[in-house]
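Asker:
Chains as they are written, first to last, in this note's numbering: chain A, 1 to 97; chain B, 1 to 646.
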């Protein structure tokens, strides 16, 4: 066999590094770990400000149910405006539309 | 032993049946399941054969580990040339069929020809019979199975069937087993329908001899701990696969209103937690069921809580139904998602393709490309729940101009609708994208563009790319079993290192599909799940075949290459918008408008995307046009295909 007995495979050794009681922020370049209070149904990312609704699979395993729509929608709209304006400015600099 | 399971060649035109063993040389080269199916398809069809003609080969199989003591080896695979894409057709489903077929003596069936009248194939402990199906033709998916139980007077018979959609040759009709186990995508149900084949039914009590049974059981215990210990599987066992949709929608990776947006806002009613509440309310707290030999139990059982279909029982829904009958069509009602799921299950029709076709028609309708006259007066605006359910039925029975047009699949439909409707079609190689929006995730965009059966998350998606895993963790996964010291990035909006991840996942998924293991038991959604290093022992203890992780990797590469050879033979080229490894222009031209802060404004940069495709081809051993180099074919032992070993 390729592997000696009692030697862990990559997947098995990674299993030992898992964390419980935390979720990762859903913002791709943030991805900070958020530790919701036990049983809490909301949590806010301290780094990027996004807010999430929390569901507990079991007492040790929270998951993000979804965004707090009103909060994150506002953040998204502001960001989209920013991105669009920046794009327009860049195009103007280049002499385009 | 497991390896004495045979191949049956069945000709429905002549009624001839031939049974052959599977030589060990073939096993070691292709293992079984999808991999060996690809070899059989390449060898038993001619270039340019009509997908709905008698010369197309319909191949049904279980993996090499099917019905052994290994966990979650219930998968049934079906392959043929696709009537939807004209390229490789392939589908894979859970349930109980493939193990029953193995106990009946077979791992692979190759079905050709066309029966003069509706028939079904009955396999009972090595005996194969072609039976009349006049009385079951026209029945829905579950009614067909119950009718076969009655006719054979045996409720243990497991059947693989088509519903009315397959009979009506809907280009994306499914092959189904049980209530919701769906062999979806690429229209394998239409291929069955074209052969006048309503079902394949099996009953088997022939032992599958395990090489080292006690050790296999003992090792499987360890496997089960690893599988059930994974957080992702604990979540699946509670919420089923809908949790995937929920998470994806949360950050803005769900295509919405065809492709206008990348998130369905205020979607609380179709979130997995809400669907779980409905399942609990209608079926009680123990509503999660599983497939043969699986401990995850990701399949919810539910009854539709309200509306026209109130009280109807079904299973799932899979996350794909939330996409198909929720976000894609702009609907926010659990009732619509559950009823839509029920209709496609009963009709035997692919939920993803159905939802995508309706979503495309809705955008065309709102853009004035489809008129109200063409819809027979139906208001096809996004968010019209009633219209969605009506269109599902119209497609299945090809009712009205639009129902018939949509039943043909995306590319033919766009030719019928005309104008610039093709631009709105979110597809790759003629198959609609699933419900996800990959504009913020270049690795996932590369995955769907290069998949062998069209836009597909189950062929090479590095889903763990979304977890922001540290580079050292990524390296641990992606540099085994073959070394890789190139770049890897934890950042899933990046382009760096992604081609290798896609290449690795492509081989990982081909390996599980050839072994016959469910993807939820490997590095698909969880980084801590078994992969190449774990499989040799399972394979050896159950079948006696000794292979190293590297050898299984090579088999997977070979099997993927056969699929590519098939597509090339059938006319695929790199940049063909209809058959190539390309994305709809909207991926490159329209930025994301919704979702998490850093998803906003994201799109797939064309130059970077092309560079990823180049690098992916290099990893696979292809030239710049996506054609295998001679040296690659030689290395993989494919230089003399078709070689007709079986």
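Glycine included, every Cβ here is placed at the ideal spot set by N, Cα and C.
Rounded to whole angstroms, what is the Cα-Cα separation between residue 352 of chain B and residue 299 of chain B?
Answerer: Counted from its first residue, the second chain places residue 352 of chain B at position 352. Counted from its first residue, the second chain places residue 299 of chain B at position 299. C-alpha separation (whole angstroms): 18 Å.
Asker: Does chain A have any CB closer than 8 Å to the CB of residue 528 of chain B?
Answerer: Walking along the second chain from the start, residue 528 of chain B turns up at place 528. So, interface residue.
Asker: With contact counted as at least three CB pairs below 8 Å, one residue from each stretch, are the segment 157–168 of chain B and the segment 141–149 of chain B in contact?
Answerer: Flag = yes, the segment 157–168 of chain B and the segment 141–149 of chain B touch.
Asker: In this structure, does DSSP put residue 545 of chain B in helix, strand or coil?
Answerer: Counting from 1 along the second chain, the entry for residue 545 of chain B is found at position 545. Coil, per DSSP.
Asker: Between the segment 5–29 of chain A and chain B, which residues of the former have a C-beta closer than 7 Å to a C-beta of the latter?
Answerer: Result list: 9, 10, 11, 12, 14, 15, 18, 24, 26, 27, 28, 29.
Asker: Can you tell me whether residue 481 of chain B is buried or exposed? The criterion is at least 16 other CB atoms within 10 Å of its CB, across all chains shown.
Answerer: Here residue 481 of chain B is taken as the residue at index 481 of the second chain, counted from 1. Flag for residue 481 of chain B reads buried.
Asker: Less than 8 Å separating the beta-carbons of residue 171 of chain B and residue 87 of chain B?
Answerer: Taking the first residue of the second chain as position 1, residue 171 of chain B is located at position 171. Taking the first residue of the second chain as position 1, residue 87 of chain B is located at position 87. Against a cut-off of 8 Å, the Cβ pair of residue 87 of chain B and residue 171 of chain B comes out as no contact.
Asker: In the segment 141–202 of chain B, which residue ranges form an unbroken alpha helix (DSSP H) of at least 4 residues, counting only runs that do not cross its ends?
Answerer: Listed in chain order, the complete alpha helix (DSSP H) runs (minimum 4 residues) inside the segment 141–202 of chain B are 141–152, 164–167, 188–194.
Asker: Identify whether residue 423 of chain B lies in helix, strand or coil by the three-state DSSP scheme.
Answerer: One-based indexing of the second chain puts residue 423 of chain B at position 423. Here residue 423 of chain B sits in helix by DSSP.
Asker: Residue 484 of chain B to residue 473 of chain B, Cα distance in whole Å?
Answerer: The sequence position of residue 484 of chain B within the second chain is 484, counting from 1. The sequence position of residue 473 of chain B within the second chain is 473, counting from 1. Rounded to the nearest angstrom, the two C-alpha atoms are 13 Å apart.
Asker: For residue 1 of chain A, count the other beta carbons within 10 Å of its own beta carbon; 16 or more makes it buried, fewer makes it exposed. Which is it?
Answerer: Locating residue 1 of chain A in the first chain gives position 1, where the first residue counts as 1. In this prediction, residue 1 of chain A scores a pLDDT of 41, lower than 50, which makes its location untrustworthy; no coordinate-derived value is stated.
Asker: According to DSSP, which residues form a beta bridge with residue 119 of chain B?
Answerer: Against the second chain, residue 119 of chain B aligns to sequence position 119. Beta-bridge pairing links residue 119 of chain B to B/132, B/197.
Asker: Taking 8 Å as the threshold (C-beta atoms), are residue 62 of chain A and residue 75 of chain A in contact?
Answerer: As a first step, residue 75 of chain A is located in the first chain; it is residue number 75 there, counting from the start. As a first step, residue 62 of chain A is located in the first chain; it is residue number 62 there, counting from the start. It is not a contact, given that the beta carbons lie outside the stated cut-off.
Asker: What runs of the beta strand (DSSP E), each 3 residues or longer, lie entirely inside the segment 13–51 of chain A?
Answerer: If we require 3 residues or more, the beta strand (DSSP E) runs fully inside the segment 13–51 of chain A come out as 42–44.
Asker: Verify the CB distance criterion: does residue 34 of chain A have a CB-CB separation below 8 Å to chain B?
Answerer: Here the question's residue 34 of chain A lines up with position 34 in the first chain. Cβ-Cβ to chain B under 8 Å: no for residue 34 of chain A.
Asker: Beta strand (DSSP E) containing residue 315 of chain B: first to last residue?
Answerer: Counting from 1 along the second chain, the entry for residue 315 of chain B is found at position 315. Looking at the DSSP string, the run of the beta strand (DSSP E) that includes residue 315 of chain B is 313–315.
Asker: Less than 8 Å between the CB atoms is what I'm expecting for residue 206 of chain B and residue 126 of chain B, so what's the real figure, rounded?
Answerer: Taking the first residue of the second chain as position 1, residue 206 of chain B is located at position 206. Taking the first residue of the second chain as position 1, residue 126 of chain B is located at position 126. Confirmed, about 7 Å.
Asker: Just the C-alpha distance for residue 584 of chain B and residue 23 of chain B, rounded to the nearest angstrom, thanks.
Answerer: In the second chain, the residue the question calls residue 584 of chain B occupies position 584. In the second chain, the residue the question calls residue 23 of chain B occupies position 23. Whole-angstrom Cα-Cα distance: 43 Å.
Asker: Grab me the residues of residue 567 of chain B's own chain with a C-beta within less than 7 Å of its C-beta, minus the 5 sequence neighbours each way, in chain order.
Answerer: In the second chain, residue 567 of chain B corresponds to position 567, counting from 1. For residue 567 of chain B, where only same-chain residues beyond five positions count, the Cβ hits under 7 Å are 87, 88, 452.
Asker: Can you find a CB in chain B that lies within less than 8 Å of the CB of residue 61 of chain A?
Answerer: Looking up residue 61 of chain A in the first chain gives position 61. Yes, its Cβ sits closer than 8 Å to a Cβ of chain B.
Asker: What are the boundary residues of the alpha helix (DSSP H) that includes residue 649 of chain B?
Answerer: Because chain B in this structure spans residues 1 to 646, residue 649 of chain B falls outside the shown range and cannot be described.
Asker: With a CB to CB cut of under 7 Å and the five nearest residues on each side skipped, what residues in its chain are close to residue 309 of chain B?
Answerer: Within the second chain, residue 309 of chain B is the residue found at index 309, counting from 1. Only 339, 342 meet the Cβ criterion.
Asker: With 8 Å set as the bound, which would you pick, yes or no: does the beta-carbon of residue 76 of chain A sit closer than that to a beta-carbon of chain B?
Answerer: Mapped onto the first chain, residue 76 of chain A falls at position 76. At least one chain B Cβ lies under 8 Å of residue 76 of chain A.
Asker: Closest to residue 13 of chain B by CA distance: which of B/223, B/445, B/194 is it?
Answerer: Translated into the one-based positions of the second chain, residue 13 of chain B becomes position 13. Cα-wise, what sits closest to residue 13 of chain B is B/194.
Asker: Based on Cα-Cα distance, which residue from B/7, B/255, B/173, B/601 lies nearest to residue 349 of chain B?
Answerer: On the second chain, residue 349 of chain B is found 349 positions in, with the first residue counted as 1. It is B/173.
Asker: What are the residues in the segment 34–58 of chain A lying within 9 Å of chain B by C-beta distance?
Answerer: So the close ones are 48, 49, 50, 52, 53, 55, 57, 58.
Asker: Along the chain, which unbroken stretches of the alpha helix (DSSP H) at least 4 residues long are found entirely within the segment 234–296 of chain B?
Answerer: If we require 4 residues or more, the alpha helix (DSSP H) runs fully inside the segment 234–296 of chain B come out as 242–251, 272–283.
Asker: On the three-state DSSP scale, how would you describe residue 599 of chain B?
Answerer: Here the question's residue 599 of chain B lines up with position 599 in the second chain. Helix, per DSSP.
Asker: How close, in whole Å, do the beta carbons of residue 511 of chain B and residue 464 of chain B come, if the pair is a contact with beta carbons under 8 Å?
Answerer: Position 511 of the second chain holds residue 511 of chain B. Position 464 of the second chain holds residue 464 of chain B. In fact, because the Cβ distance is near 16 Å, the residues do not count as touching under 8 Å.
Asker: Let me check understanding here. Comparing Cα to Cα, which of A/66, A/48, A/22 lies closest to residue 242 of chain B?
Answerer: For the purposes of this step, residue 242 of chain B is taken as the residue at position 242 of the second chain. For the residues A/66, A/48, A/22, the minimum Cα distance to residue 242 of chain B belongs to A/66.
Asker: By the DSSP assignment, the beta strand (DSSP E) with residue 18 of chain B in it spans what residues?
Answerer: On the second chain, position 18 is the one that residue 18 of chain B refers to. Note, residue 18 of chain B: beta strand (DSSP E), 17–20.
Asker: Anything in chain E within Cβ reach of residue 235 of chain B, meaning under 9 Å, just list it in chain order.
Answerer: Absent here is chain E; the protein component of the structure consists of chains A and B.
Asker: Please tell me whether residue 95 of chain A has its Cβ less than 8 Å away from any Cβ of chain B.
Answerer: The residue you call residue 95 of chain A lines up with position 95 of the first chain. Answer no: the Cβ-Cβ gap between residue 95 of chain A and chain B never drops below 8 Å.
Asker: Sort B/317, B/260, B/305 by Cα distance to residue 288 of chain B and report the nearest one.
Answerer: Along the second chain, one-based indexing puts residue 288 of chain B at 288. Of the candidates B/317, B/260, B/305, the one whose C-alpha sits nearest the C-alpha of residue 288 of chain B is B/317.
Asker: Express the C-alpha separation of residue 575 of chain B and residue 446 of chain B in angstroms, rounding to a whole number.
Answerer: On the second chain, position 446 is the one that residue 446 of chain B refers to. On the second chain, position 575 is the one that residue 575 of chain B refers to. Roughly 14 Å between the two C-alpha positions.
Asker: From residue 57 of chain B to residue 81 of chain B, what does the alpha carbon distance come to, in whole angstroms?
Answerer: Within the second chain, residue 57 of chain B is the residue found at index 57, counting from 1. Within the second chain, residue 81 of chain B is the residue found at index 81, counting from 1. One C-alpha to the other measures close to 7 Å.
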